[in-house]
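Enquirer:
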C-alpha cells in the first residue's frame, strides 16, 4: 500500500507542496497579523518550511544515513551530507535572529507599552 | 469642496495580494527548477565529499562537513551566535535583582532536581559522540541549555552564575582559534587536522584527530550562550 509513496517523484511532490503550504501559512501570518511577536513567529514558520524542503528533496529511499563504517564503506548508497550541514547552520542562525528580534520587541514594549506595528510611529516624524 | 478621503487599503488589500503574487511566482520558479533534472555536478558533489570523508577517519560525514570542510564557516556561525547573545544581554540586562517569577509547584521542583543530571549527561554524550553517531556540538549544547531552562522555571532563586559562563565562553572561543592557528603552523591550512587520524581507527572514540575536539568546544560555547540567552529572556523588571 505504501509502495506508491516510495517513488521519488511522489516524495518530491509531497515535500514541495507541503513545505510551500507551510510557507504560505507563515506568509499569511506575516502579512495579516499586527502583533510584533506573532510576526516573528510567522517568519520562524517560513524558515521551517525552507528547512523541510531542503532536507526532503535530498531524501532518497533505500539510501542509508551518511555514517561510514568498516562494513558500509560503499558511499554510493548513502544520502548526501551537504544539505544536513547547511540546514544545521541555518537553524542556528535562524534561532539567534529570532531571539534577538524578540528581545528587541520586549525592550520596545517595556519603553512604550505598544505591541501593534501600526502604532509604532516614533521614527515617522 | 472637500475631497473625501477614500481608503484604498480597506477595499483592496494590496500588500497581501502582492505578497501572495510574489510568493506564487517563487513557487512556480522552484517547481520549474525541480521538475527539470539536476545537473550531474550537483548530484555527485555529495559522493565526492563522502569519498574525501573517509580519509579523515570520522564516521559521521555530516560532522566532517560541518567541522572540517566548512570549519571556518562554523567559526563565523559561532561568532554570529555570540553577537546575538551579546545583543540580547545588552538589551535585556537590568541591574535590579528583583525577578517576579512565579513559585512553581512541588512536583516540578522535585522532578527537575531528578532530571537535571540526566539531561546534562545526555547532552554531554551527544556532544562527545558527535563524530560517531547523529548529534554533535550544536545539538548537545542546546540539550544542556534546555536543562538549564528547566531549572530556571522550577527554582525561583536559581540563577546561572555569570562568571562561569564568561569563563567557559572565553575558553571555548580562544581554544577554537588556537586549534585553527596550530593547524596553520603545522600544515599550512587553517584548522588543518594535525592530530593522528587513520582510517583504521574509524568508529573508535579517539579517532578523527581534531574533529571531535572542535565539536566539543562548539558544544561548550553553544551551551553557555544558549543558557545565557534563556536566562536573559526569562528575567523581567518589576515595573512591567
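Protein chains in written order, with the numbering used here: chain V, 2 to 126; chain C, 59 to 298. Using N, Cα and C, we set each Cβ at its ideal position, and we do this for glycine too.
List, in order along the chain, the chain C residues whose C-beta lies closer than 9 angstroms to that of residue 24/V?
Expert: Stepping through the first chain from its first residue, residue 24/V is reached at position 23. Within chain C, the residues near residue 24/V are 81, 84, 85.
Enquirer: By a C-beta neighbour count over all protein chains shown, 10 Å radius and 16 as the cutoff for buried, is residue 161/C buried or exposed?
Expert: If you number the second chain from 1, residue 161/C lands on position 103. Answer is exposed; the Cβ neighbour count stays below 16.
Enquirer: Whose Cβ in chain V lies nearer than 8 angstroms to the Cβ of residue 185/C?
Expert: If you number the second chain from 1, residue 185/C lands on position 127. Ordered by position in chain V, no residue passes the 8 angstroms Cβ test against residue 185/C, which lies about 14 angstroms from the chain.
Enquirer: Which same chain residues, not among the five before or five after residue 79/V, have their C-beta less than 7 angstroms away from its C-beta?
Expert: Position 78 of the first chain, counted from the start, is the residue given in the question as residue 79/V. So the qualifying residues of the chain are 64, 65, 67.
Enquirer: For a cutoff of 7 angstroms on Cβ pairs, would you count residue 140/C as touching chain V?
Expert: Here residue 140/C refers to the residue found at position 82 when the second chain is read from its first residue. No, residue 140/C lies away from the interface with chain V (no Cβ there is under 7 angstroms from its Cβ).
Enquirer: Tell me where the alpha helix (DSSP H) around residue 276/C begins and ends.
Expert: Here the question's residue 276/C lines up with position 218 in the second chain. Note, residue 276/C: alpha helix (DSSP H), 269-292.
Enquirer: Take every Cβ of the stretch 87-95 of chain V, pair it with every Cβ of the stretch 38-55 of chain V, and state whether three or more of those distances are shorter than 8 angstroms.
Expert: Yes: the two stretches touch, three or more of their Cβ pairs being nearer than 8 angstroms.
Enquirer: Run through the DSSP bridge pairs and tell me what residue 36/V is partnered with.
Expert: Position 35 of the first chain holds residue 36/V. According to DSSP, which records beta bridges pairwise, residue 36/V is partnered with 117/V.
Enquirer: So, for residue 38/V: in the same chain, excluding its five sequence neighbours on each side, which residues have a beta-carbon less than 6 angstroms away from its beta-carbon?
Expert: In the first chain, residue 38/V corresponds to position 37, counting from 1. Closer than 6 angstroms at the Cβ level, and outside the excluded window around residue 38/V, lie 106.
Enquirer: Could you spell out where the alpha helix (DSSP H) holding residue 143/C opens and where it closes?
Expert: As a working note, residue 143/C is residue 85 in the second chain. Note, residue 143/C: alpha helix (DSSP H), 129-150.
Enquirer: Under 8 angstroms, CB to CB, which of the residues in the stretch 95-108 of chain V have a partner in chain C?
Expert: Within the stretch 95-108 of chain V, the residues whose Cβ lies closer than 8 angstroms to some Cβ of chain C are 97, 98, 100, 101, 103, 104, 105, 107, 108, listed in chain order.
Enquirer: Among the candidates 182/C, 226/C, 187/C, whose CA atom is the shortest distance from the CA of residue 261/C?
Expert: As a working note, residue 261/C is residue 203 in the second chain. Ranking 182/C, 226/C, 187/C by Cα distance to residue 261/C puts 187/C first.
Enquirer: May I ask you to verify whether the stretch 262-269 of chain C touches the stretch 165-183 of chain C, counting CB pairs closer than 8 angstroms and requiring at least 3?
Expert: No, they do not touch.
Enquirer: Taking the alpha helix (DSSP H) that residue 185/C falls in, what are its first and last residues?
Expert: In the second chain, counting from the first residue as 1, residue 185/C sits at position 127. Here the alpha helix (DSSP H) through residue 185/C covers 164-186.
Enquirer: Check residue 80/V in the structure and name its three-state DSSP category.
Expert: If you number the first chain from 1, residue 80/V lands on position 79. In the structure shown, residue 80/V sits in coil (DSSP, three-state: anything other than H, G, I, E or B).
Enquirer: Would you please state the rounded distance, in angstroms, between the beta carbons of residue 242/C and residue 231/C? I believe it to be under 8 angstroms.
Expert: By one-based count along the second chain, residue 242/C stands at place 184. By one-based count along the second chain, residue 231/C stands at place 173. Their Cβ separation, rounded to whole angstroms, is 17 angstroms, which puts residue 242/C and residue 231/C out of contact at 8 angstroms.
Enquirer: Are residue 237/C and residue 115/C close, meaning C-beta to C-beta below 7 angstroms?
Expert: One-based indexing of the second chain puts residue 237/C at position 179. One-based indexing of the second chain puts residue 115/C at position 57. In this structure, residue 115/C does not lie closer than 7 angstroms to residue 237/C by Cβ.
Enquirer: Give the range of the alpha helix (DSSP H) segment to which residue 8/V is assigned.
Expert: On the first chain, residue 8/V is found 7 positions in, with the first residue counted as 1. Neither: residue 8/V is in no alpha helix (DSSP H) and is coded neither H nor E.
Enquirer: Consult DSSP for residue 118/C and reduce its assignment to one of helix, strand or coil.
Expert: Counted from its first residue, the second chain places residue 118/C at position 60. Residue state, collapsed to three classes: strand.
Enquirer: Any idea which residues DSSP pairs residue 65/V with across the strands?
Expert: Taking the first chain and counting its residues from 1, one reaches residue 65/V at position 64. Note: residue 65/V sits in a beta bridge opposite 79/V.
Enquirer: Tell me the DSSP secondary structure of residue 297/C in three-state form.
Expert: As a working note, residue 297/C is residue 239 in the second chain. Summary for residue 297/C: the model assigns pLDDT 47, below 50, so the residue's position carries little reliability; its value from the coordinates is reported in the next sentence. Residue state, collapsed to three classes: coil.
Enquirer: For residue 292/C, I'd like the list of residues in its chain whose CB is within less than 6 angstroms of its CB, leaving aside the five on either flank, ordered along the chain.
Expert: For the purposes of this step, residue 292/C is identified with residue 234 of the second chain, where counting begins at 1. Taken in chain order, the residues that qualify are 210.
Enquirer: Name the chain C residues whose beta carbon is nearer than 7 angstroms to that of residue 85/V?
Expert: As a working note, residue 85/V is residue 84 in the first chain. Within 7 angstroms Cβ-Cβ: 120.
Enquirer: Return the residues of the stretch 50-84 of chain V that lie within a Cβ-Cβ distance of less than 9 angstroms from chain C, sorted by chain order.
Expert: Cβ contacts with chain C come from 54, 58, 59, 66, 67, 68, 69, 70, 71, 74, 76, 77, 79, 80, 81, 82, 83, 84.
Enquirer: Can you list, in chain order, the residues of the stretch 21-46 of chain V whose Cβ is nearer than 9 angstroms to any Cβ on chain C?
Expert: Per Cβ criterion, the list reads 21, 24, 25, 28, 29, 31, 32, 33.
Enquirer: Mind checking residue 90/C: buried by the 16 CB within 10 Å criterion, or exposed?
Expert: Translated into positions along the second chain, residue 90/C becomes position 32. The residue in question, residue 90/C, is exposed, as its Cβ has fewer than 16 Cβ neighbours within 10 Å.
Enquirer: What residue from 166/C, 147/C, 165/C, 206/C has the CA that sits closest to residue 175/C's CA?
Expert: Reading the second chain from its first residue, position 117 is the one you call residue 175/C. Answer by Cα proximity: 206/C.
Enquirer: Taking its Cβ as the centre, do 16 or more other Cβ atoms sit within 10 Å of residue 196/C, making it buried, or is it exposed?
Expert: Along the second chain, read from residue 1 onward, the residue named residue 196/C stands at position 138. Classification of residue 196/C: buried, given that the 10 Å Cβ count is 16 or more.
Enquirer: Residues of chain C with a CB under 7 angstroms from the CB of residue 89/V: which are they?
Expert: Here residue 89/V refers to the residue found at position 88 of the first chain. Within chain C, the residues near residue 89/V are 124, 196.
Enquirer: Just to confirm the assignment, what range does the alpha helix (DSSP H) spanning residue 229/C have?
Expert: By one-based count along the second chain, residue 229/C stands at place 171. Counting along the chain, the alpha helix (DSSP H) containing residue 229/C begins and ends at 220-245.
Enquirer: Whole angstroms is fine: what's the gap from residue 122/C's alpha carbon to residue 117/V's?
Expert: For this step, residue 122/C is matched to residue 64 along the second chain. For this step, residue 117/V is matched to residue 116 along the first chain. For residue 122/C and residue 117/V, the distance between alpha carbons rounds to 45 angstroms.
Enquirer: Out of 239/C, 248/C, 212/C, 267/C, state which residue places its alpha-carbon closest to the alpha-carbon of residue 163/C.
Expert: Here residue 163/C refers to the residue found at position 105 of the second chain. Measuring from the Cα of residue 163/C, the nearest candidate turns out to be 212/C.
Enquirer: Check the C-beta distance from residue 133/C over to residue 119/C and give it rounded, since I have them as a contact under 8 angstroms.
Expert: In the second chain, counting from the first residue as 1, residue 133/C sits at position 75. In the second chain, counting from the first residue as 1, residue 119/C sits at position 61. About 20 angstroms; that fails the 8 angstroms criterion.
Enquirer: So, residue 269/C versus residue 143/C, is the Cβ gap smaller than 7 angstroms?
Expert: The sequence position of residue 269/C within the second chain is 211, counting from 1. The sequence position of residue 143/C within the second chain is 85, counting from 1. In this structure, residue 143/C does not lie closer than 7 angstroms to residue 269/C by Cβ.
Enquirer: Where does residue 123/V fall in DSSP's three states?
Expert: Taking the first chain and counting its residues from 1, one reaches residue 123/V at position 122. It is coil, neither helix nor strand.
Enquirer: Quick one: list the residues of chain V neighbouring residue 109/C, beta-carbon separation under 9 angstroms, in chain order.
Expert: In the second chain, the residue the question calls residue 109/C occupies position 51. Those are 76, listed as they occur along chain V.
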